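Residues 2 to 706 (the numbering used here) make up the sequence shown, in order. Beta carbons are placed, not taken as given, at the ideal position from N, Cα and C, and that holds for glycine. Note that the structure is a prediction, hence the values are computed from the model and not measured.
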Amino acid sequence: MTSTRSLTGISAGEVCRHRMRAFARFSLAPGVCGMILGATSTWAAEQPDATSEVLEQIVVTARQRSEILIDVPETIRAISSQEIRSAGITSVEHLEALVPNFSVTTSQDAGLVMVNIRGIGQVRNGEPPMAFIIDGVQLSSPDQIKQPLFDLESIEVLKGPQGALYGRNAIGGALIINTRAPSEEFSSTIEAGYGNGNDRKLQAVASGPLFGDSLFFRVSGDWRDFDGLIPNVTLGTEADFAEDRNVRARIDYRPSDALSIELRGSYGDLYQGGNFIPMVDGHPNDTSIPVQAGINGDSTRRLKDASLKFDYRAAGGTLTGVTSWSEVFVHMFEELGGGIPNPVLSAMQDRSSEAVSQDLRWSSDAEGRLRYTAGVYYLHNRRKIITDLYTLNSALQRDTQIPIAYTRDINDAYAAYGQLNYDLTEALELTLALRYDQQDVEQIDLLHGSTHRKESYDALQPKVSLAYKITPDTLVYATYAEGFRSGGFNPPTALFPHVYESETTKNIEAGVKLERFDRRLRVDLAGYHTDDEHQATHRLLSGVQGITTIPQVELYGVDLSAMLRAAPGLDLIGGFGWNHGRIKDFDGTDLYVGNVAPLTYEYSYNIGVQHVLPLGAVTLTSRADYSSKRGLYWQVDNKDEQSPVDLLNVRISAAVADWEFTAYAENLLDERYIAEFCASEFCGSRDLGWPSTPRRYGMTVRYSF
2 MTSTRSLTGI
12 SAGEVCRHRM
22 RAFARFSLAP
32 GVCGMILGAT
42 STWAAEQPDA
52 TSEVLEQIVV
62 TARQRSEILI
72 DVPETIRAIS
82 SQEIRSAGIT
92 SVEHLEALVP
102 NFSVTTSQDA
112 GLVMVNIRGI
122 GQVRNGEPPM
132 AFIIDGVQLS
142 SPDQIKQPLF
152 DLESIEVLKG
162 PQGALYGRNA
172 IGGALIINTR
182 APSEEFSSTI
192 EAGYGNGNDR
202 KLQAVASGPL
212 FGDSLFFRVS
222 GDWRDFDGLI
232 PNVTLGTEAD
242 FAEDRNVRAR
252 IDYRPSDALS
262 IELRGSYGDL
272 YQGGNFIPMV
282 DGHPNDTSIP
292 VQAGINGDST
302 RRLKDASLKF
312 DYRAAGGTLT
322 GVTSWSEVFV
332 HMFEELGGGI
342 PNPVLSAMQD
352 RSSEAVSQDL
362 RWSSDAEGRL
372 RYTAGVYYLH
382 NRRKIITDLY
392 TLNSALQRDT
402 QIPIAYTRDI
412 NDAYAAYGQL
422 NYDLTEALEL
432 TLALRYDQQD
442 VEQIDLLHGS
452 THRKESYDAL
462 QPKVSLAYKI
472 TPDTLVYATY
482 AEGFRSGGFN
492 PPTALFPHVY
502 ESETTKNIEA
512 GVKLERFDRR
522 LRVDLAGYHT
532 DDEHQATHRL
542 LSGVQGITTI
552 PQVELYGVDL
562 SAMLRAAPGL
572 DLIGGFGWNH
582 GRIKDFDGTD
592 LYVGNVAPLT
602 YEYSYNIGVQ
612 HVLPLGAVTL
622 TSRADYSSKR
632 GLYWQVDNKD
642 EQSPVDLLNV
652 RISAAVADWE
662 FTAYAENLLD
672 ERYIAEFCAS
682 EFCGSRDLGW
692 PSTPRRYGMT
702 VRYSF
């Protein structure tokens, strides 16, 4: 029988061996492995066929080995390549429509993104609450998150602390993105699109063999020019324009069954506009105020990265090494004063980062009662931030330069980690994991005589989990895990504490995973409780951004996701998240105690419908995704609450032979809301806001050859 490959590269034989442990206790016939192999052989072929009677099988790599989704005791929203295309996922922000208890805020800065997962969030100039991993490489800078997602194989959103395997910043979860691997036969696609706002897009992919049957390549590119949809009434132009160019290349060398080597590199260049707008105090949801800046703010973000990964399969396991390098540069310029027509002050900030990392680990084979992974990790990262203010003359040209902060941070992070999974019985699995992280941070104040400050942060991140397989299609589990996000330095001014504390979490979670009706229904349900110490918050004073912390926050809630194949070709997708977060201690007094933790939605849910209809040579795919978020307070004082946000996205595609034609609309109901807001008490002299993107619609044409 010919081996087939899944979304993440697991073979039919590997699926069989892994599943045999779950089936063994039910005394199935010896031919069960053959049946699994037969089912799995058709699985890869069936995955693009959404008209089958059962849901596609999902394989995930959450525990750094390929496993069936229902066998993994984690809260995971796994998104296949088919769903990525049908839902139109091209950025991290699009995941909000599919993943409850997960939100993303983007703003006027080309590198800025603020992620929140289960009430654990990210602030400006702060580290993310999740580990972001692309093709096995963990991103080292938050300015790398906001990049286009294209030519993807799968996405996995893991919730709950994942620090035992993924280290610092995996305090709330992990986002694992796998791009498509090179193909063994030559193939190519080209896709062009056009939308409102004069939105022009072009993507191209080429893949195939380079030499014989051991060397393969894949090259993909993404290009976009967008005039914008948010008008600047003073200048008569759009404020939210964007120009984005990205290219990615990968070479795979497979000289034998025992060794595979992947060389990957990418480059991205984003230029976009954006201005905060002045808000009336006490009206954080007023969308009637237009952008009226006398200068259109803009920012540039450039990304470069390269990585080398090898897997060597020896007796008893696999040795994996990942070496990576990345370079990030962001330049931002904007008037100050909330986008007024005649500003007298402006701000400029440059952020740059260069990092190298090395991950080396050994993973045992998947067979046997004991399975384990052990590894070491190192990261060296150099960051530089330059912030200047400028006075503006009557012609709105830069006049006097006012240096605010020039800093260089040097970070060295070291880690050792391990995880073992042991079958106490044929149905009961014990997971034990532990990671030790140490981060040495040095800040050099380049503005005041190159003075130095040094700090070290370290933490143990344990994890214990018990998973019981009641039947082959029912798993219950309970997990205890701790997370860690390193502290750091604020700019060297008297406005903020020089050092902010590390953030730590202790999380208890219990869940159940079900597949019913011969794999027509899949349900994941989990409840959690998290104690969060030193949650980060952000303030902007006199042009200087600083981070402080909330000593204690209590979080608890529910995660639910479900998918039903109601009929061949008809899928119903849903999710619900409830997150109750309350401040337990702010400064040792009653100040803000009992308030809702900021930047967190208390309720989020999504409902999706997808229908695939074959009509002879043409296949029509229709999809609608509705999502709702509510209960977010912008600051710790809870004076300003965002209005509920309800969004509807629709897509209709027609595939015939090698062609695919798609019409789409995002935010079809043209919901207007304030996407980011900061009150004057926390951001200077006046309330500031950034509006949401209005309704977007357009068409794409894709040709494969």
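Does the distance from the C-beta atom of Tyr-557 to that of Pro-599 stay below 8 Å? For the purposes of this step, residue 557 is taken as residue 556 along the sequence shown, with counting starting at 1. For the purposes of this step, residue 599 is taken as residue 598 along the sequence shown, with counting starting at 1. No; because the gap between Cβ atoms is not below 8 Å, this pair is not in contact.
Do Asn-580 and Val-637 count as a contact pair if the criterion is CB distance below 8 Å? Your numbering for residue 637 matches position 636 in the sequence shown. Your numbering for residue 580 matches position 579 in the sequence shown. In this structure, Asn-580 does not lie closer than 8 Å to Val-637 by Cβ.
Would you identify the three-state DSSP class for Pro-498, choosing helix, strand or coil? By one-based count along the sequence shown, residue 498 stands at place 497. Coil at Pro-498, not helix or strand.
Would you check if the stretch 226 to 237 and the stretch 210 to 218 touch, i.e. whether three or more CB-CB distances between them fall below 8 Å? no
Roughly how many whole angstroms lie between the Cα atoms of Thr-701 and Gln-553? Along the sequence shown, one-based indexing puts residue 701 at 700. Along the sequence shown, one-based indexing puts residue 553 at 552. Roughly 48 Å between the two C-alpha positions.
Where Ala-618 and Thr-190 are concerned, what is the direct C-alpha to C-alpha distance, given to the nearest angstrom? Within the sequence shown, the letter at position 617 stands for residue 618. Within the sequence shown, the letter at position 189 stands for residue 190. About 20 Å.
Starting from the C-beta of Glu-47, find all residues in its chain whose C-beta is less than 8 Å away, skip the five residues before and the five after it, and write them out in chain order. Taking the first residue of the sequence shown as position 1, residue 47 is located at position 46. With a pLDDT of only 35 at Glu-47, under the threshold of 50, the placement of this residue in the model should not be trusted; the figure read from the coordinates follows. Within the same chain, Glu-47 has close Cβ partners Ser-53, Glu-57.
Looking at the strands, I want to know which residues DSSP matches up with Asn-419. On the sequence shown, residue 419 is found 418 positions in, with the first residue counted as 1. One point to set straight first is that residue 419 is Gly, not Asn, in the sequence displayed. Answer is Ala-375, Leu-435.
Give me the residue from Leu-431, Leu-522, Asp-438 with the minimum Cα distance to Leu-467. The residue labelled residue 467 in the question sits at position 466 within the sequence shown. Taking only the C-alpha atoms, the option nearest Leu-467 is Leu-431.
For Phe-678 and Arg-540, believed in contact at Cβ under 8 Å, the rounded distance: Walking along the sequence shown from the start, residue 540 turns up at place 539. Walking along the sequence shown from the start, residue 678 turns up at place 677. The Cβ separation is near 14 Å, so there is no contact.
For Trp-691, which residues does DSSP report across the bridge? As a working note, residue 691 is residue 690 in the sequence shown. Beta-bridge pairing links Trp-691 to Glu-677.
Going along the chain, which unbroken runs of the beta strand (DSSP E) with 3 or more residues stay wholly within the stretch 618 to 643? 619 to 631
Reference Leu-337, options Tyr-665, Gly-275, Gln-204, closest by Cα: Numbered from its first residue, the sequence shown carries residue 337 at position 336. Leu-337 has its Cα closest to that of Gly-275, out of Tyr-665, Gly-275, Gln-204.
Taking buried to mean at least 16 other C-beta atoms within 10 Å of its own C-beta, is Phe-151 buried or exposed? By one-based count along the sequence shown, residue 151 stands at place 150. With 16 or more other Cβ atoms within 10 Å, it is buried.
For Ser-289, count the other beta carbons within 10 Å of its own beta carbon; 16 or more makes it buried, fewer makes it exposed. Which is it? One-based indexing of the sequence shown puts residue 289 at position 288. When all chains shown are included, Ser-289 counts as exposed.
If we count the other Cβ atoms within 10 Å of its Cβ and call it buried at 16 or more, is Trp-660 buried or exposed? Mapped onto the sequence shown, residue 660 falls at position 659. Exposed, since its Cβ has fewer than 16 Cβ neighbours within 10 Å.
Determine the burial state of Ala-315: buried for a count of at least 16 other Cβ atoms within 10 Å of its Cβ, exposed for fewer. The count along the sequence shown starts at 1 and reaches residue 315 at position 314. Label assigned to Ala-315: exposed.
Shortest alpha-carbon distance to Glu-516 belongs to which of Tyr-407, Ala-193, Ala-563, Thr-91? In the sequence shown, counting from the first residue as 1, residue 516 sits at position 515. When only C-alpha atoms are compared, the closest one is Ala-563.
Would Arg-436 pass as a contact of Gly-164 if the rule is Cβ separation under 8 Å? Stepping through the sequence shown from its first residue, residue 436 is reached at position 435. Stepping through the sequence shown from its first residue, residue 164 is reached at position 163. Cβ atoms of Arg-436 and Gly-164: closer than 8 Å.
Pairing CB atoms from the stretch 116 to 124 with CB atoms from the stretch 652 to 672, are three or more of them under 8 Å? no
Where Met-36 and Arg-181 are concerned, what is the direct C-alpha to C-alpha distance, given to the nearest angstrom? The residue you call residue 36 lines up with position 35 of the sequence shown. The residue you call residue 181 lines up with position 180 of the sequence shown. Because the pLDDT at Met-36 is just 33, under 50, the model does not fix this residue reliably, and the value given afterwards should be weighed accordingly. One C-alpha to the other measures close to 28 Å.
What three-state label does DSSP hand Tyr-606 in the structure shown? Translated into positions along the sequence shown, residue 606 becomes position 605. Residue state, collapsed to three classes: strand.
Can the beta-carbon of Glu-239 be found less than 8 Å from the beta-carbon of Asp-253? Your numbering for residue 239 matches position 238 in the sequence shown. Your numbering for residue 253 matches position 252 in the sequence shown. No.
In the DSSP assignment, find the unbroken alpha helix (DSSP H) run with Arg-86 in it and report its ends. For the purposes of this step, residue 86 is identified with residue 85 of the sequence shown, where counting begins at 1. Unbroken alpha helix (DSSP H) run through Arg-86: 82 to 88.
Buried or exposed: which applies to Asp-671, given that a residue is buried once 16 or more other Cβ atoms fall within 10 Å of its Cβ? Working through the sequence shown from its first residue, we reach residue 671 at position 670. That one is exposed.
Three or more beta-carbon pairs under 8 Å between the stretch 142 to 159 and the stretch 436 to 455, yes or no? no
Is the stretch 316 to 325 in contact with the stretch 355 to 367, if contact means three or more CB pairs nearer than 8 Å? yes
Looking at the secondary structure, which residues open and close the beta strand (DSSP E) in which Ala-165 lies? On the sequence shown, position 164 is the one that residue 165 refers to. Where Ala-165 is concerned, there is no enclosing beta strand (DSSP E), although the alpha helix (DSSP H) it sits in stretches over 164 to 167.
Quick one: is Asp-688 near chain B, going by C-beta distance under 8 Å? As a matter of chain content, chain B is missing from the structure shown, which is built from one protein chain.
Contact between the stretch 566 to 582 and the stretch 600 to 617 is defined here as three or more beta-carbon pairs at a separation below 8 Å; is this criterion met? yes
Count the C-beta pairs between the stretch 243 to 250 and the stretch 285 to 299 that are closer than 8 Å, then say yes if the count reaches three, no if not. no
Less than 8 Å separating the beta-carbons of Arg-486 and Pro-130? The sequence position of residue 486 within the sequence shown is 485, counting from 1. The sequence position of residue 130 within the sequence shown is 129, counting from 1. For Arg-486 and Pro-130, yes; Cβs fall inside 8 Å.
Using 8 Å as the Cβ pair cut-off and three pairs as the minimum, do the stretch 389 to 407 and the stretch 371 to 378 touch? no
What's the call for Pro-404, buried or exposed, on a 16-neighbour Cβ count within 10 Å? As a first step, residue 404 is located in the sequence shown; it is residue number 403 there, counting from the start. With fewer than 16 Cβ atoms within 10 Å of its Cβ, Pro-404 is classed as exposed.
Close-in-space but distant-in-sequence residues of the same chain around Glu-328 (CB under 6 Å, 5 per side omitted): As a first step, residue 328 must be located in the sequence shown, where it is residue number 327. Closer than 6 Å at Cβ, skipping near neighbours: Lys-305, Glu-355.
Taking DSSP as the reference, what is the three-state secondary structure of Val-100? Position 99 of the sequence shown, counted from the start, is the residue given in the question as residue 100. Reduced to three states, the DSSP call for Val-100 is coil.
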